[in-house]
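J.: Take this structure first; my questions come after.
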Amino acid sequence: MTAGGTQSGPLPVTVVGGYLGAGKTTLVNNMLRQAGGRRLAIMVNEFGALPIDSSLVEAADDRIVSLTGGCVCCSYGEDMVSSLAMLATLDPRPDHVLLEASGVALPGAIAGTVGLLSDFALDGTVVLADAETVQRRAGDRYVGSTVRQQIAEADLILLNKCDLAADPDAVEAWLSEAAPGARIVRAEQADVPIDAVLGTRTDGSTLRADGRFRDHTSGYVAAELDPPAGADPEALARLLADPAHRLLRAKGFVRRPDGAMAALQVVGSRWTVSEAPAGALPGLVCIGLKGQADLAAVQQAVGEAKASTPATG
Amino acid sequence: MTNTVYPARKIITMNPARPHASHVAVRDGRIVGAGTLDELTGWGAYTLDDRFADKVLMPGLVEGHSHTMEGTLWAYVYCGFFDRMDPEGTVWPGLRSIDEIVERLREAADRLEDPAAPLAGWSLDAIYYGNRRVDRHDLDRASTQRAIGVLNASGHILNVNSKALELAGLLKPGIDHPGIPLGEDGLPTGEMKGPDAMAPLGPFTGFDRDLLACDEPGLRRFARLCVRTGVTTAADLANTLPDDAVDMMLRVTAEPDYPARIVALRRFYGVTPEELIDRVLGLRDRSQDSLRLGIIKVVADGSIQGFSARLRWPGYFNGAPEGLWYIPPEHLLEIYQRAMAAGVQVHTHTNGDEATELALDCVEAALRKHPSPDHRFTLQHCQLADAAQFRRMTKLGMCVNLFPNHHFYWGDQHYGITVGPERAERMNACATALAAGVPLAIHSDAPVTPLGPLFTAWCAVNRRTATGRTLGEHERIGVADALRTITLGAAYTFKLDGEIGSIETGKRADFAVLEDDPETVGGEALKDVRVWGTVQGGRIFPAAEI
Ligand SMILES: [Zn+2]
Chain C
0 MTAGGTQSGP
10 LPVTVVGGYL
20 GAGKTTLVNN
30 MLRQAGGRRL
40 AIMVNEFGAL
50 PIDSSLVEAA
60 DDRIVSLTGG
70 CVCCSYGEDM
80 VSSLAMLATL
90 DPRPDHVLLE
100 ASGVALPGAI
110 AGTVGLLSDF
120 ALDGTVVLAD
130 AETVQRRAGD
140 RYVGSTVRQQ
150 IAEADLILLN
160 KCDLAADPDA
170 VEAWLSEAAP
180 GARIVRAEQA
190 DVPIDAVLGT
200 RTDGSTLRAD
210 GRFRDHTSGY
220 VAAELDPPAG
230 ADPEALARLL
240 ADPAHRLLRA
250 KGFVRRPDGA
260 MAALQVVGSR
270 WTVSEAPAGA
280 LPGLVCIGLK
290 GQADLAAVQQ
300 AVGEAKASTP
310 ATG
Chain X
0 MTNTVYPARK
10 IITMNPARPH
20 ASHVAVRDGR
30 IVGAGTLDEL
40 TGWGAYTLDD
50 RFADKVLMPG
60 LVEGHSHTME
70 GTLWAYVYCG
80 FFDRMDPEGT
90 VWPGLRSIDE
100 IVERLREAAD
110 RLEDPAAPLA
120 GWSLDAIYYG
130 NRRVDRHDLD
140 RASTQRAIGV
150 LNASGHILNV
160 NSKALELAGL
170 LKPGIDHPGI
180 PLGEDGLPTG
190 EMKGPDAMAP
200 LGPFTGFDRD
210 LLACDEPGLR
220 RFARLCVRTG
230 VTTAADLANT
240 LPDDAVDMML
250 RVTAEPDYPA
260 RIVALRRFYG
270 VTPEELIDRV
280 LGLRDRSQDS
290 LRLGIIKVVA
300 DGSIQGFSAR
310 LRWPGYFNGA
320 PEGLWYIPPE
330 HLLEIYQRAM
340 AAGVQVHTHT
350 NGDEATELAL
360 DCVEAALRKH
370 PSPDHRFTLQ
380 HCQLADAAQF
390 RRMTKLGMCV
400 NLFPNHHFYW
410 GDQHYGITVG
420 PERAERMNAC
430 ATALAAGVPL
440 AIHSDAPVTP
450 LGPLFTAWCA
460 VNRRTATGRT
470 LGEHERIGVA
480 DALRTITLGA
490 AYTFKLDGEI
500 GSIETGKRAD
510 FAVLEDDPET
520 VGGEALKDVR
530 VWGTVQGGRI
540 FPAAEI
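Chains as they are written, first to last, in numbering that gives the first Met the number 0: chain C, 0 to 312; chain X, 0 to 545.
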């Protein structure tokens with residue numbers, strides 16, 4: 000669409016959905032706080048009680064763009080598209096866009112539109128659920144079907160406000176039935192590591208140095224795998240997205256049998272394989288929840304995937 | 000001080016004390032009185048102006064739900080199935096075949112000098128061309144060099160040509176999107192269905208946000224359409240009213256020859272409910288006679304023909320999912336509460352009956368918290384409301400502005416596809432609303448359907464679909480009710496009924512000047528009543544010279 004999109008491939012967009020009050024803006028602020036060297040661009044649709052923390056924006060010396068004029072309502076999609084187009088032309092270009100949907104928007108529809116834009120790539124859909132209220136809301140006579148559909152459209156569900164819920168286990172069990180394809184992460188105050196929400200850095204050269212989590216996120220495990228050369232990236236992605244492994248995310252670069260490098264990305268059950276940027280080095284980072292994801296098993300499965308891949312690719 | 004006294008063939012006053020008069024006296028843009036010449040001479044010196052001696056005067060018509068964007072759209076190519084008059088008075092013949100659409104687009108494309116400029120058309124109605132859908136190959140016959148986008152009349156489909164798809168990067172196989180049908184070749188057919196699929200094409204076909212904003216030429220063209228349809232006050236119902244737009248609208252509408260009064264509502268968008276109230280109170284202070292500000296517009300759900308209206312059980316006739324919310328109920332309630340507390344009026348778009356139910360619940364809750372005398376909160380469209388909901392509106396002190404034009408343009412689709420026979424026959428239940436005592440207006444939602452309150456009145460009186468089916472005999476209303484609804488009725492929904500909407504002492508001298516008498520032509524002919532022009536604030540605007 001614009002010149003901005005060509006310099007380093009399509010700009011990844013993560014759609015942040017969930018009903019009003021589930022903690023979307025808190026999550027966005029947490030992402031900004033953890034941004035480090037990433038240039039995050041934020042698009043906010045709804046103007047609720049809690050604003051995007053502008054002090055975080057200033058602290059980062061304009062590397063973070065907060066766009067609060069953009070509307071992400073399904074009925075005014077033109078605004079979303081033109082706002083995104085504007086973000087893609089910023090210099091320096093953002094590394095990642097967080098698109099905070101309105102409390103009643105269906106994230107799948109927004110994700111579908113993002114998927115049509117040639118300068119952007121849908122990274123994934125993160126839906127927040129308020130552990131205290133989500134089940135009641137899902138039965139609400141007005142918004143119940145909307146809440147249920149939001150959940151069903153998630154790649155990652157952030158089960159938030161677990162400290163306030165009487166029985167978070169029961170909520171999680173209910174959610175995993177409502178959204179069988181999604182991975183569920185528990186949180187309080189939407190406090191989750193940025194790598195679990197947005198994936199690891201997109202710049203291939205720094206991938207390996209970036210797979211660590213800070214101390215307060217010790218509920219997560221990460222592993223850096225050496226993808227076997229000549230593996231079929233599609234088969235590998237399908238394997239990593241298999242719900243049995245319970246990975247939240249996986250990302251990295253794999254050398255195809257024909258020698259070309261492929262970029263591989265998994266968010267929950269969603270996976271994409273695309274052409275890797277020039278200079279990308281092979282490597283895979285997998286992120287999961289401690290006690291759930293068995294990274295040793297993943298590692299073994301990855302090795303076996305190689306073995307079963309036909310040499311012709 | 001001299002009055003001007005206009006004799007007329009007939010003056011329909013809407014004043015029940017004297018429903019008809021032979022003369023009306025005007026001074027300083029206002030009505031001194033209506034009656035016989037004898038009665039009016041009591042007001043002192045006058046000059047007799049007999050230019051309307053063979054005309055019928057009625058109160059200037061009030062369009063309670065339109066968008067000045069109608070004026071803007073006329074800069075693009077009209078591609079509708081039905082004849083439609085443009086602001087200059089030219090009637091564009093309806094296009095009866097896809098070939099005719101292509102031909103009109105091709106002519107327009109040939110007139111453009113810049114070979115790269117996109118060509119935008121509007122008001123295409125794909126449902127009228129049989130089973131044949133308009134596809135990109137059709138539009139390619141108009142041009143392969145420039146991008147073409149044609150917006151459907153319902154606003155929910157954008158038809159584009161191959162060039163537009165190519166520019167957007169979508170002329171490729173493998174697209175998997177519910178709003179983008181693929182042809183046998185695996186490529187998009189060019190029919191982009193729904194806002195999600197339309198949006199990526201907007202920037203390449205001229206349908207970007209600039210088009211939908213109310214620009215200055217569009218605002219002027221819109222007013223010319225008002226004169227041609229007898230309208231002296233019209234709503235601009237969903238403007239976001241940024242400061243520069245307000246400045247422009249204040250300036251343009253204040254010009255001595257600007258012929259209409261615009262009631263511009265501020266749509267809830269881009270601010271918190273709290274900020275919304277502040278902005279609207281600020282806007283209210285900037286009101287002038289020709290531009291009324293200070294009312295809020297909120298959109299609760301989508302549209303019925305787009306299957307995005309929120310319907311109660313059992314939902315859509317064809318089994319489509321139950322529609323979309325465009326505002327969380329919590330925000331709707333908060334806006335209502337704050338608006339009631341601040342004495343600000345809110346108009347709410349609700350198409351489906353579930354959205355209407357939510358609005359009623361929220362008004363009731365807000366009223367318990369902030370009893371608000373004479374709030375006149377109004378439901379706009381409100382097409383599927385049932386009798387119980389109208390009774391609630393009455394009890395809650397609400398108004399309704401229904402959309403009978405839908406019967407004509409989409410009634411057959413509502414009957415067969417969207418809501419099914421039973422609910423199609425109660426859609427836009429004008430008779431039930433009046434029987435329940437809900438203050439009623441009816442509207443065109445121009446540009447969705449053409450501006451023209453007399454046509455809208457015809458729709459409410461006859462409930463005729465485009466194929467001639469009468470959609471709910473029992474919801475037809477009489478001519479007298481219809482005429483009152485397009486004058487005083489609509490004025491009431493903006494709290495302007497003390498100022499406009501009838502021809503009586505003290506009110507604005509706003510008249511629709513007609514060649515035919517709408518009270519005697521019969522309900523069948525209401526839409527054919529010829530409009531000579533208007534008098535607005537005492538200023539005379541013949542349609543032939545506008
Ligand atoms: Zn409208």
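Even for Gly, the Cβ is constructed at its ideal location relative to N, Cα and C.
1. Looking at ligand 1, does it come within less than 7 Å of residue 300(X), judged from the CB to the closest heavy atom?
2. Can you name the residues of chain C whose CB is closer than 7 Å to the CB of residue 531(X)?
3. Between residue 357(X) and chain C, is there a C-beta pair that is closer than 8 Å?
4. Tell whether a beta-carbon distance below 8 Å holds between residue 285(C) and residue 221(C).
5. Under a CB-based cut-off of 8 Å, is residue 117(C) close to chain X?
6. At a threshold of 7 Å, does residue 374(X) count as lining ligand 1 (C-beta to nearest heavy atom)?
7. Check whether the Cβ of residue 66(X) sits closer than 7 Å to any heavy atom of ligand 1, and report yes or no.
8. Is residue 93(X) near residue 80(X), with beta carbons less than 8 Å apart?
9. Considering only residues of the segment 500-528 of chain X, which uninterrupted beta strand (DSSP E) runs meet the minimum length of 3 residues and lie entirely inside it, listed in chain order?
10. Establish whether the CB of residue 68(C) and some CB of chain X are separated by less than 8 Å.
11. If we ignore side chains and look at the alpha-carbon of each, how far apart do residue 530(X) and residue 453(X) end up?
12. Which residues does DSSP list as the beta-bridge partners of residue 262(C)?
13. Can we count residue 237(X) as close to ligand 1, meaning its CB is less than 7 Å from some heavy atom?
14. Helix, strand or coil for residue 14(X)? Go by DSSP, reduced to three states.
15. Can you pull the chain C residues whose beta carbon is under 9 Å from the beta carbon of residue 176(X), in chain order?
16. At 3 residues or longer, what runs of the beta strand (DSSP E) sit wholly inside the segment 132-174 of chain C?
17. Could you tell me whether any Cβ in chain X is nearer than 8 Å to the Cβ of residue 108(C)?
18. Let's test the definition: count the other Cβ atoms within 10 Å of the Cβ of residue 144(X) and tell me whether it reaches 16, buried, or not, exposed.
19. Hey, would you say the C-beta of residue 82(X) is under 7 Å away from at least one heavy atom of ligand 1?
20. Relative to chain X, which residues along the segment 142-163 of chain C have a C-beta separation below 7 Å, given in chain order?
21. Is residue 444(X) a contact residue of ligand 2, with contact defined as CB to any heavy atom under 7 Å?
22. Find the nearest neighbour of residue 310(X) within the set 327(X), 381(X), 288(X) and 330(X), judged by alpha-carbon distance.
23. Could you tell me the distance, in whole angstroms, from the CA atom of residue 111(C) to the CA atom of residue 184(X)?
24. Can you tell me which residues form a DSSP beta bridge with residue 405(X)?
25. Hey, residue 103(C) and residue 145(C): beta-carbon distance below 8 Å or not?
26. Name the residue from 158(C), 190(C), 266(C) and 192(C) whose alpha carbon lies nearest to the alpha carbon of residue 244(C).
27. By a C-beta neighbour count over all protein chains shown, 10 Å radius and 16 as the cutoff for buried, is residue 65(X) buried or exposed?
28. Grouping DSSP H, G and I as helix and E and B as strand, with all else coil, what is residue 57(C)?
29. Quick check: what's the CA-CA separation for residue 75(C) versus residue 186(C)?
30. Compare the beta carbon distance of residue 129(C) and residue 16(C) with 8 Å and say whether it is the shorter of the two.
31. Using only the alpha-carbon positions, how far apart do residue 407(X) and residue 458(X) sit?
32. Any idea if residue 287(X) is buried or exposed, counting beta-carbon neighbours within 10 angstroms, 16 or more meaning buried?
33. Would you decide whether residue 290(X) is buried or exposed? Buried here means 16 or more other CB atoms lie within 10 Å of its CB.
34. What are the boundary residues of the alpha helix (DSSP H) that includes residue 194(X)?
35. Can a CB atom of chain C be found closer than 8 Å to the CB of residue 457(X)?
36. Quick one: what's got a C-beta closer than 6 Å to residue 456(X)'s C-beta in the same chain, skipping five residues either side?
T.: With the given structure in hand:
1. Between ligand 1 and the CB of residue 300(X), the shortest heavy atom gap is not smaller than 7 Å.
2. Those do not exist, as residue 531(X) stays about 39 Å from chain C at its closest Cβ, beyond 7 Å.
3. Chain C places a beta carbon closer than 8 Å to that of residue 357(X), counting this residue as a contact.
4. Taking 8 Å as the Cβ cut-off, residue 285(C) and residue 221(C) qualify as a contacting pair.
5. Judged by the 8 Å Cβ criterion, residue 117(C) is in contact with chain X.
6. Not under cutoff, so the answer is no.
7. With a threshold of 7 Å, the Cβ atom of residue 66(X) counts as near ligand 1, since some heavy atom of the ligand is closer than that.
8. Closer than 8 Å, so yes.
9. The qualifying runs are 510-513.
10. Any reading at residue 68(C) needs caution, since the residue's pLDDT is 38, under 50, leaving its predicted position unreliable; the model's value is listed next. Yes, its Cβ sits closer than 8 Å to a Cβ of chain X.
11. The alpha-carbon separation between residue 530(X) and residue 453(X) amounts to approximately 10 Å.
12. Partner residues in the beta bridge of residue 262(C), as assigned by DSSP, are 252(C) and 273(C).
13. Indeed, a heavy atom of ligand 1 lies less than 7 Å from the Cβ.
14. Residue state, collapsed to three classes: coil.
15. Within chain C, the residues near residue 176(X) are 111, 112, 114 and 115.
16. Note on the segment 132-174 of chain C: whole beta strand (DSSP E) runs with a minimum of 3 residues are 155-159, in chain order.
17. Yes, contact with chain X.
18. Classification for residue 144(X): exposed.
19. Remark: the C-beta of residue 82(X) is outside contact range of ligand 1, defined as less than 7 Å to any heavy atom.
20. Residues 142, 144 and 145.
21. The model on display carries ligand 1 but not ligand 2.
22. The shortest Cα separation from residue 310(X) among 327(X), 381(X), 288(X) and 330(X) belongs to 381(X).
23. Their backbone Cα atoms lie some 22 Å apart in a straight line.
24. BP columns for residue 405(X) are empty, so no partner.
25. Closer than 8 Å, so yes.
26. Of all alpha-carbon atoms in 158(C), 190(C), 266(C) and 192(C), the one lying nearest the alpha-carbon of residue 244(C) is that of 266(C).
27. Classification of residue 65(X): buried, given that the 10 Å Cβ count is 16 or more.
28. Reliability fails at residue 57(C), whose pLDDT of 44 lies under 50, so the model's placement of it is uncertain and the value that follows must be treated cautiously. The DSSP-derived three-state label of residue 57(C) is helix.
29. Residue confidence is low: residue 75(C) scores 45 on pLDDT, short of 50, so the model does not pin down where it sits. No coordinate-derived value is stated.
30. Contact annotation: residue 129(C) and residue 16(C) have beta-carbon atoms that are not nearer than 8 Å.
31. Their backbone Cα atoms lie some 7 Å apart in a straight line.
32. Residue 287(X) should be labelled exposed.
33. Flag for residue 290(X) reads buried.
34. Counted as a single uninterrupted DSSP element, the alpha helix (DSSP H) harbouring residue 194(X) occupies residues 194-197.
35. Taking Cβ atoms only, chain C never reaches closer than 8 Å to residue 457(X), which makes this a no.
36. Result list for residue 456(X): 481, 485 and 525, in chain order.
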